[in-house]
Amino acid sequence: MKVVLWWGFYAYLAILLTLTILPIFWFGADSPVYRYGFGQQRLTELNPFSWVTYRRIQIVGNVALFIPLTLLGEYLWSRLHSFGGSLMAALGASLVVETIQLVMGYFYLGNRSFDTGDILLNTVGGLLGFAIFKLATRWWTPSWV
7 MKVVLWWGFY AYLAILLTLT ILPIFWFGAD SPVYRYGFGQ QRLTELNPFS
57 WVTYRRIQIV GNVALFIPLT LLGEYLWSRL HSFGGSLMAA LGASLVVETI
107 QLVMGYFYLG NRSFDTGDIL LNTVGGLLGF AIFKLATRWW TPSWV
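In our numbering, the protein residues as written are 7 to 151.
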């Protein structure tokens with residue numbers, strides 16, 4: 007059963023990568039994106055409550071995107087069995103994704119931006135995965151957890 011969870015986790019990572027990092031854009035030399043020099047385009051949203059203006063699908067998507075991280079992670083790593091461990095995993099993974107988006111945007115390799123609202127919503131999703139794990143283990147706890 008644990009092998010199935012590992013494959014599920016790998017599939018989740020592939021989906022996460024596809025939705026947050028890929029595709030990598032290659033802009034042509036005459037693209038209007040080059041009107042500004044490196045780092046002069048808008049790459050960041052530092053207001054952590056910017057998500058209030060998001061469409062509902064963006065909010066749900068940002069939360070749902072990180073539920074599997076901690077839900078599957080709880081079954082695979084015992085370190086995540088605490089609130090703090092799950093919080094750090096979700097926050098850390100979200101920071102990594104957002105930082106990659108920032109760097110890629112800086113070098114014109116993507117059209118995404120560093121958004122603190124996304125970090126907040128992703129972390130909430132990770133904590134929701136932790137809560138689902140805790141509720142699920144009340145009814146069924148595999149011997150290897």
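All C-beta atoms, glycine included, are put in the ideal place defined by N, C-alpha and C.
Beta-carbon proximity of residue i to residue j, cut-off 8 Å
i, j, result
"Gly135", "Ile73", "yes"
"Thr129", "Ser88", "no"
"Val103", "Thr50", "no"
"Phe15", "Leu97", "no"
"Leu127", "Val69", "yes"
"Gly131", "Leu71", "yes"
CA-to-CA distance, residue j to residue i, given in whole angstroms
i, j, result
"Trp145", "Ile63", "31 Å"
"Leu115", "Thr24", "14 Å"
"Met94", "Leu133", "10 Å"
"Arg85", "Tyr60", "33 Å"
"Glu80", "Leu52", "30 Å"
"Trp57", "Val10", "35 Å"
"Leu75", "Trp12", "12 Å"
"Ile30", "Lys8", "33 Å"
"Arg118", "Gln107", "6 Å"
"Leu28", "Met110", "10 Å"
"Pro54", "Ile125", "8 Å"
"Thr105", "Thr147", "36 Å"
"Thr143", "Ile21", "26 Å"
Residue range of the alpha helix (DSSP H) that includes residue i
i, result
"Ser88", "Per DSSP, Ser88 belongs to no alpha helix (DSSP H) and is neither H nor E."
"Asn128", "Thr122 to Trp145"
"Ile73", "Ile73 to Leu82"
"Gly14", "Lys8 to Thr26"
Residue-chain proximity (residue i, chain D), Cβ-Cβ < 8 Å
i, result
"Ile106", "Here there is only one protein chain, and chain D is not present."
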